[in-house]
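> There's a structure below that I have some questions on.
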Amino acid sequence: SYNVQVLPRGIRLTFGGYNDKLQDFAAYVAGKLAGDIESVLPQDEDEFERYRDNIKRALSAFDVKQPYAHANYYAGLTQQPLGFSYTNAEQRAAIDKATLPDLVSYVQTLWSKGKAECLVQGNIHEKEAQDFVKTIDAAIGFNTITKEEYPPRVKALALPQTSAKSIPTRLTVSEPNPSNGNSASQVILQCIGDTEKEHVLIELIGAVLEEPLYEDLRTKQQLGYIVSSGVKAPDTDSRTLTLIVQSSVAPAEKLTTEILKFLDGFQGKYLDPLNEGDVAVYAKSLIDQKTEPDKTLAVETTRNWGQIANGRFQFDRVQREAATLLDIKKQDLLDYWNNLYAGDGRRVIITEVVPRSGAASSSVPLKSTGYAQGVVRRGGSKSTIELGIDDIEKFRKDRNDSAYR
């Protein structure tokens, strides 16, 4: 089997199988893609239009996703540097203008020059692996670029810092689907630290927070069927703790208020009562998850490839994080929570999706608060930035210029 992916930093080819002819198969596919790619492209306008229609349909499906998915998408955009990915609207506009000659012209540039990184893993000897790589290299045959020409690795944009007493940066958008009457609010707490300790601490906070959040907002307050939280890795270094609620009965502003109220009381209700034994139990649970053996070669290979793709080459990172968890104390959790949310300098963004009708609807959000024109609209505090959907690009540009690490 094989897979081809076009990514922000290049093209990824993946080959897998049990047959000793895998090397020949991989060389054939690589050679076809690099040296004879026009033979696999659409051969006429009708075939091209079928492919284009499939892509257009897939992009249009964005509109009928659930509000929580839209909140997650727009919040993610605020952390994505310009030039690495394009919005759904930009892609839809581009596919409308794309032509078959454009496609042919584009693919002719793909393999002209570049840099290759390879991982060969499985039941194979080192000499066989080296021969495999040499075969692929010969089949592709591009000119190697210099180190100065290497494309930068993707780094999440750092969110603006705010004081503990201010409302965080807020983005409010209308629900794209007019027939969906659900509201959604997502709150993201961003950590731009890159150490193993910081990464396991945010995972521990997430583990402590998960059940109480659901119990409070879903079971007790019955704000909505979708109440969830989790830790994500937008890039190699940063981590985010995400809390999201979707509701058919409460407006987005109400959801935001209750999420923030939960976070404001989180330390007093759930962190302060912990003892060292409780912390050790949470840590042990994470250690068990991290050290569980990979069930398939594909899972193990994907994990190892991640370390190559991100440039860290820390193939023992799981073991290092597990070792770090053994030394975590309650005070570490309290100090980390203060940096992540409770203290000044926190990096938090709220994303609200407002339906156009129904019990959960509210005032139609402004497409721009003026931020895109250089006017920063403040919320309840002078430290708060309020954004509309048309302000996202300017917000990303500002973060790209000032906080792109």
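FYI, in this note's numbering the residues of the sequence shown are -11 to 393.
Built from N, CA and C at the ideal position, the CB exists for glycine as well.
Can you tell me where the alpha helix (DSSP H) holding Ala428 begins and where it ends?
As displayed, the chain neither begins before -11 nor continues past 393, which places residue 428 out of reach and without an answer.
> How many angstroms separate the CA atom of Tyr56 from the CA atom of Leu107?
36 Å
> Is the CB-CB distance between Ala190 and Leu229 below 8 Å?
Correcting the residue type first, residue 190 is Ile in the shown sequence and not Ala. Contact: yes.
> Can you check which of these residues, Asp225, Ile232, Val336, is closest to Tyr213 by C-alpha distance?
Ile232
> On the criterion of 16 or more Cβ atoms from any shown chain inside 10 Å, does Glu203 qualify as buried, or is it exposed?
exposed
> Which residue marks the beginning of the beta strand (DSSP E) containing Glu340, and which one marks its end?
334 to 342
> What residue does the alpha helix (DSSP H) around Arg40 start on, and which one ends it?
33 to 48
> So, do the region 114 to 126 and the region 40 to 52 have three or more beta carbon pairs nearer to each other than 8 Å?
no
> Using the three-state DSSP reduction, which class does Phe250 fall into: helix, strand or coil?
Phe250 falls in the helix class under three-state DSSP.
> What first and last residue would you give for the beta strand (DSSP E) that runs through Tyr270?
Tyr270 -> not in any beta strand (DSSP E); alpha helix (DSSP H) instead, spanning 264 to 279.
> Name the two residues that bound the continuous alpha helix (DSSP H) containing Val17.
Its alpha helix (DSSP H) spans residues 10 to 23.
> Kindly list the residues whose CB is nearer than 7 Å to the CB of Ser73, restricted to its own chain and excluding five residues on each side of it in sequence; keep chain order.
Pro(-4)
> With a CB to CB cut of under 7 Å and the five nearest residues on each side skipped, what residues in its chain are close to Val52?
Asn165
> Going by DSSP, what residue range makes up the alpha helix (DSSP H) through Phe120?
114 to 128
> Between Ala15 and Leu1, is the Cβ-Cβ spacing less than 8 Å?
no
> May I ask you to report which of helix, strand or coil DSSP gives Ile176?
Correct three-state label for Ile176: strand.
> What separation, rounded to the nearest whole angstrom, lies between the Cα atoms of Glu105 and Tyr324?
36 Å
> If I follow the unbroken alpha helix (DSSP H) through Arg193, where does it start and stop?
In the sequence on display, residue 193 carries Ile and not Arg. Element bounds for Ile193: 184 to 201.
> By how many angstroms is the C-alpha of Ala360 removed from the C-alpha of Asp282?
47 Å
> Do you know offhand how far Gly346's Cα is from Thr245's?
20 Å
> Along the chain, where does the beta strand (DSSP E) that runs through Gly(-2) open and close?
-2 to 3
> Whose C-alpha, out of Phe13, Val196, Ala117, is nearest the C-alpha of Leu274?
Of Phe13, Val196, Ala117, the residue nearest in Cα terms is Val196.
> At least one CB of chain D closer than 8 Å to the CB of Asn76: is that the case?
Protein chains in the displayed structure number just one, and chain D is not present.
> Less than 8 Å between the beta carbons of Lys103 and Ile133, yes or no?
yes
> Can you have a look at His187 and say buried or exposed, based on whether 16 or more other CB atoms are within 10 angstroms of its CB?
buried
> Since Leu321 and Leu259 should fall inside the 8 Å C-beta cutoff, what is the C-beta to C-beta distance between them, to a whole number of angstroms?
6 Å
> Cα-Cα, which of Gln307, Glu241, Val92, Asn388 is closest to Thr279?
Gln307
> To the nearest angstrom, report how far apart Leu375 and Glu241 are at their CA atoms.
In a straight line, the C-alpha of Leu375 is about 14 Å away from that of Glu241.
> Pull up the distance between the alpha-carbon of Asn432 and that of Pro261, whole angstroms please.
A query on residue 432 cannot be resolved here, the shown segment of the chain reaching from -11 to 393 and no further.
> Report buried or exposed for Ser167, applying the criterion of at least 16 other Cβ atoms within 10 angstroms of its Cβ.
exposed
> Could you tell me the boundaries of the alpha helix (DSSP H) in which Gly64 lies?
55 to 65
> Run through DSSP, which three-state label would Gln(-7) get?
strand
> Name the one or two DSSP bridge partners that Ile214 has.
Gln234
> Of all the options Leu88, Pro200, Ile296, which has the alpha carbon lying nearest to the alpha carbon of Glu33?
The option with the nearest alpha carbon to Glu33 is Leu88.
> Can you give me the start and stop residues for the beta strand (DSSP E) that Thr160 sits inside?
Unbroken beta strand (DSSP E) run through Thr160: 157 to 162.
> Roughly how many whole angstroms lie between the Cα atoms of Leu65 and Asn7?
If I take the Cα positions, the gap works out to 42 Å.
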